[in-house]
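Asks: Adding 1 to a residue's 1-based position in the sequence shown gives its number in my numbering.
Sharing a structure with you now.
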Amino acid sequence: MHRFLLAAAVLIGLATPTLADVAGDERDLKQLTADIQAAVVDENLAFLEGVLHPDYVHTRPNGAVSDRGQFLASVKQDEAEPNVNYDKLTSTDIKVRLYGDTAVLTGRSGIASDDATGALNGETRWTRIFLRQGGNWKLVAFQATLVPKK
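Written out as C-alpha cells, the structure reads:
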C-alpha cells in the first residue's frame, strides 16, 4: 500500500506544473502579447502568420468579427484596399490564467488607430486565448471592448 501511495504521489508530482513552469509561461505569454502588438503596428505579417492559429477569430471593439485571413489582410496597408492603421498599441494590467495547454489573458490597451469608419483612440479591455501546440503558443481568439471615456 505504501508503494502504491508513493507511486501515485510521484505521478501526481510529475503531472503538476512547477511554479517555475507557470512563471515561465506567464512571462512568455506577456512577451508574446507585446510582440504581437508590435507586429500589428509594424505590419509584420510573417510574424503574425506564425503565431496566429489557423482557426483564429478577431473581434474588434466595434463588434466586427474577422477570421485569420481577414485579420491579416486588415493589418497589411494597401492603397487600393484601405485597412486599419495602428499607430499605437500598448498593454497594461495583463493577467494570465493557465489551464494546461490553454491560456486566457486579460488586459488593458492604449490604442491609436484609424480605418474607413474613422479614428479609434483610447483604451480597450481585451481577452486573448492561446493554445500551446508543439511547444509553441498560438493565438486562437482576441476580443476587445472600448473603455468609455470619463
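Heads up, the beta-carbon is just placed ideally off N, CA and C, and yes, glycines get one too.
Fair warning: this is a prediction, and the values are worked out from it, not measured in the lab.
Once DSSP output is grouped into helix, strand and coil, what is the label at Glu124?
Replies: Here Glu124 sits in strand by DSSP.
Asks: With a threshold of 16 other CB atoms inside 10 Å of the CB of Thr93, please say whether the residue is buried or exposed.
Replies: It is exposed - the Cβ of Thr93 has fewer than 16 other Cβ atoms within 10 Å.
Asks: Determine the extent of the beta strand (DSSP E) in which Val206 is found, giving its start and end residues.
Replies: Residue 206 lies beyond the residue range present for the chain, which begins at 2 and ends at 151; the question has no answer from this structure.
Asks: Which residues mark the beginning and the end of the alpha helix (DSSP H) in which Glu44 is found?
Replies: Element bounds for Glu44: n/a, residue is neither H nor E.
Asks: From the DSSP output, which residues share a beta bridge with Ala104?
Replies: According to DSSP, Ala104 bridges with Leu99 and Phe131.
Asks: In this structure, how does DSSP classify Gly111 when only helix, strand and coil are distinguished?
Replies: Strand at Gly111.
Asks: CB-CB under 8 Å to Pro55, same chain, minus the five flanking residues each way: which ones, in chain order?
Replies: Cβ neighbours of Pro55 beyond the five flanking positions: Arg69.
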